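Trainee: Protein sequences, first through last, are from chains A and B. No gaps in the numbering here: position 252 of the first sequence is 252 in the numbering used here, and each next residue is one more. When you read off a place in the second sequence, starting at 1, and then add 1000, the result is the number in the numbering used here. The structure's right below; bear with me while I get my questions together.
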Amino acid sequence: MTDKLKIGEQEITNRFFTGTGKHSNDSIIPQLVHESGIEVVTVALRRVDLTSPEENILHHIPKGCILLPNTSGARNAEEAVRIARLARACGCGDWIKIEVIRDNKYLLPDNYETAKAAEMLVKEGFVVLPYVSPDLMVAKDLENAGVAAVMPLGAPIGTNRGLQTKEMVRILIDEINLPIIVDAGIGRPSEAAEAMEMGAAAVLANTAVATALDPVNMAKAFSMAVDAGRRAYLSGLGPIKTEAEASSPLTGFLS
Amino acid sequence: MKITVNGEQRNLDQKVSLHEFLEQNKINLNVVVVEHNYHILDREKWKDIALKDGDNLEILQFVGGG
């Protein structure tokens, strides 16, 4: 199947994206990425601890992966822009997932500040993927601003609660002429498949993989579920009916 | 002289370049990005920057994240 997702100038085959946080041992990441065929991975940017410089996460990310740095830690548009510029200066491409959060309990994104940051970063030539609460008007503004995709949350970050925002995500898929990538809260492969069956362009999950007993196998399960959901979407799901409709002929019975 | 590095005050006994400072602190030069007084510096400039009193440095790198 030659069904590719195009974001910016990049063509992507595997529509399951994963994060690199929360792994008990980062050395598992290369195996996880290889065995699942994952192409897009997220990273964060933080101050180096001068007392004990940490191992570099890039060391664990296989060459050829598309790196999607996030702006986590940003509380407003200016901070997000600053982090994005720093991330690009690291020399790992110009993709950026805008994440602006100032709600510590539910970690919900600030759509207004996110939109402001998106507008600035698009002008600076970034491939912008904003993480948002699924709001149609904001998504339209982001589309007009020239972002590359919109990333609505399924449920609050790290909760594994699934596609709680389903109806709102469905509206974005219907109305926005950009890839809709469901991010955050997806806990099970079946939920990822459900998002894909609806027409989501991709799914990003981190916690669900990193906190599984067997993260390598879980990443594979997600990857397969996302592929299955995509195939189902492309195949066109059959109609839903209230009453039974026999699949076998209703004629020619034994008397 | 006093400089601020990643939000913390540091005392420097002698004049050093930014490049020397990073090396002295065993920073992996290949993976960090440095902001000097709120300007992102190209790594080619690290040797040209002589740290001075009151300078503010942010030294960052990628970590695992979602």
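We treat Cβ as the ideally placed atom computed from N, Cα and C, and that holds for glycine. On a predicted model such as this, the values are computed, not experimentally measured, just so you know.
So, does the stretch 207-217 of chain A touch the stretch 16-31 of chain A, judging by three or more C-beta pairs under 8 Å?
Mentor: Touching, per the Cβ criterion.
Trainee: What are the start and end residues of each continuous beta strand (DSSP E) run of 3 or more residues lying completely inside the stretch 20-75 of chain A, in chain order?
Mentor: Taking only runs of at least 3 residues, the beta strand (DSSP E) segments lying wholly in the stretch 20-75 of chain A are 40-47, 66-69.
Trainee: Check Arg231(A) in the structure and name its three-state DSSP category.
Mentor: Three-state result, Arg231(A): helix.
Trainee: Closest to Ile101(A) by C-alpha separation, out of Ser190(A), Leu153(A), Cys65(A), Gly93(A), would be which residue?
Mentor: Comparing Cα-Cα distances from Ile101(A) to each of Ser190(A), Leu153(A), Cys65(A), Gly93(A), the minimum goes to Leu153(A).
Trainee: Taking DSSP's pairing of strands, which residues face Tyr131(A) in a bridge?
Mentor: For Tyr131(A), which the question treats as bridged, DSSP gives the partners Met151(A).
Trainee: Under 8 Å Cβ-Cβ, which residues of chain B neighbour Asn56(A)?
Mentor: Chain B residues near Asn56(A): Asn1028, Val1031, Gln1061, Phe1062.
Trainee: Could you tell me which of Thr2(A), Ile57(A), Glu9(A) sits nearest to Asp26(A), measuring between CA atoms?
Mentor: If we check each option's Cα against that of Asp26(A), Ile57(A) comes out closest.
Trainee: Taking beta-carbon pairs under 7 Å, can you tell me which members of the stretch 83-105 of chain A lie near chain B?
Mentor: So the close ones are Arg85, Leu86, Ala89, Cys90.
Trainee: Comparing C-alpha positions only, which one of Lys6(A), Ala200(A), Cys65(A) sits nearest to Val33(A)?
Mentor: Looking at the Cα atoms, Cys65(A) is the closest of the given residues.
Trainee: Using only alpha-carbon positions, find the residue among Ala80(A), Met137(A), Arg231(A) that is nearest to Ile171(A).
Mentor: Checked all of Ala80(A), Met137(A), Arg231(A); the closest Cα to Ile171(A) is Met137(A).
Trainee: How would you label Gln1009(B), buried or exposed, when you count the other beta carbons within 10 angstroms and need 16 or more for buried?
Mentor: Answer is exposed; the Cβ neighbour count stays below 16.
Trainee: Going by DSSP, what residue range makes up the alpha helix (DSSP H) through Ile262(A)?
Mentor: Lying before the first or after the last residue shown, residue 262(A) is absent from chain A, which here runs from 1 to 255.
Trainee: Taking Cβ to Cβ, would you say Ala139(A) is nearer than 8 Å to Val150(A)?
Mentor: Yes, these two residues count as a Cβ contact at 8 Å.
Trainee: For Gln1061(B), I'd like the list of residues in its chain whose CB is within less than 6 Å of its CB, leaving aside the five on either flank, ordered along the chain.
Mentor: Cβ within range, chain order: Val1031, Val1032.
Trainee: Starting from the beta carbon of Thr165(A), find every residue of chain B whose beta carbon is closer than 9 Å, and list them in chain order.
Mentor: Correct list: empty, because the minimum Cβ distance to chain B is about 17 Å.
Trainee: Using only the alpha-carbon positions, how far apart do Lys241(A) and Gln164(A) sit?
Mentor: Computed Cα separation, rounded: 24 Å.
Trainee: Since I believe Ile98(A) is in contact with Thr71(A) (beta carbons under 8 Å), could you give me their beta-carbon distance rounded to a whole number of angstroms?
Mentor: Between Ile98(A) and Thr71(A) the Cβ distance is about 5 Å, and since that is below 8 Å, they are a contact.
Trainee: Label Glu167(A) either buried or exposed according to how many other C-beta atoms from any shown protein chain fall within 10 Å of its C-beta, with 16 as the threshold for buried.
Mentor: Exposed, since its Cβ has fewer than 16 Cβ neighbours within 10 Å.
Trainee: Determine whether the Cβ of Val1005(B) lies closer than 8 Å to any Cβ atom of chain A.
Mentor: For Val1005(B), the answer is yes, since a Cβ of chain A falls inside 8 Å of its Cβ.
Trainee: Tell me the residue span of the alpha helix (DSSP H) that contains Ile171(A).
Mentor: Segment 166-175, the alpha helix (DSSP H) holding Ile171(A).
Trainee: For the beta strand (DSSP E) containing Lys97(A), name the first residue and the last one.
Mentor: Run containing Lys97(A): 95-98, per the beta strand (DSSP E) assignment.
Trainee: Output the distance between the C-alpha atoms of Arg161(A) and Ala155(A), rounded to the nearest integer angstrom.
Mentor: The alpha-carbon atoms of Arg161(A) and Ala155(A) are separated by roughly 6 Å.
Trainee: Please classify Asp13(A) as buried or exposed, where buried requires at least 16 other C-beta atoms within 10 Å of its C-beta.
Mentor: One detail in the question is off: residue 13(A) reads as Thr in this sequence, not Asp. It counts as exposed.
Trainee: Looking only at its own chain, which residues have a Cβ that is under 7 Å from the Cβ of Asn217(A), when we skip the five neighbours before and after it?
Mentor: Answer for Asn217(A): no residue qualifies.
Trainee: Going by alpha carbons, who is nearest to Val147(A) out of Ala202(A), Gly158(A), Ala44(A), Val122(A)?
Mentor: Cα-wise, what sits closest to Val147(A) is Val122(A).
Trainee: Bridge partners for Gln1024(B) per DSSP, in chain order?
Mentor: In DSSP, Gln1024(B) forms no bridge with anything.
Trainee: Given a limit of 9 Å on CB to CB distance, which residues of the stretch 197-218 of chain A reach chain B?
Mentor: Of all residues in the stretch 197-218 of chain A, Leu204, Ala205, Asn206, Thr207, Ala210 have a Cβ within less than 9 Å of some Cβ in chain B.
Trainee: Could you tell me which chain A residues have their CB closer than 9 Å to the CB of Asn1025(B), listed as they occur along the chain?
Mentor: By Cβ distance, chain A contributes Val48, Leu50, Pro53.
Trainee: Taking the beta carbon of His59(A) as the centre, do at least 16 other beta carbons fall within 10 Å, making it buried, or is it exposed?
Mentor: Exposed, since its Cβ has fewer than 16 Cβ neighbours within 10 Å.
Trainee: Using 8 Å as the limit for Cβ to Cβ distance, is Ile1049(B) near chain A?
Mentor: Output row for Ile1049(B): interface = no.
Trainee: What residues in the stretch 22-35 of chain A have a beta carbon less than 9 Å from any beta carbon of chain B?
Mentor: Residues Lys22, His23, Asp26, Ile29.
Trainee: Please list the residues of the stretch 62-74 of chain A that have a C-beta atom closer than 9 Å to any C-beta atom in chain B, keeping them in chain order.
Mentor: Taking 9 Å as the Cβ-Cβ cut-off against chain B, the residues of the stretch 62-74 of chain A that qualify are Leu67, Pro69, Asn70, Ser72.
Trainee: Report the rounded CA-to-CA distance for Gln10(A) versus Asn104(A), giving the unit in angstroms.
Mentor: So the alpha carbons of these two residues sit roughly 34 Å apart.
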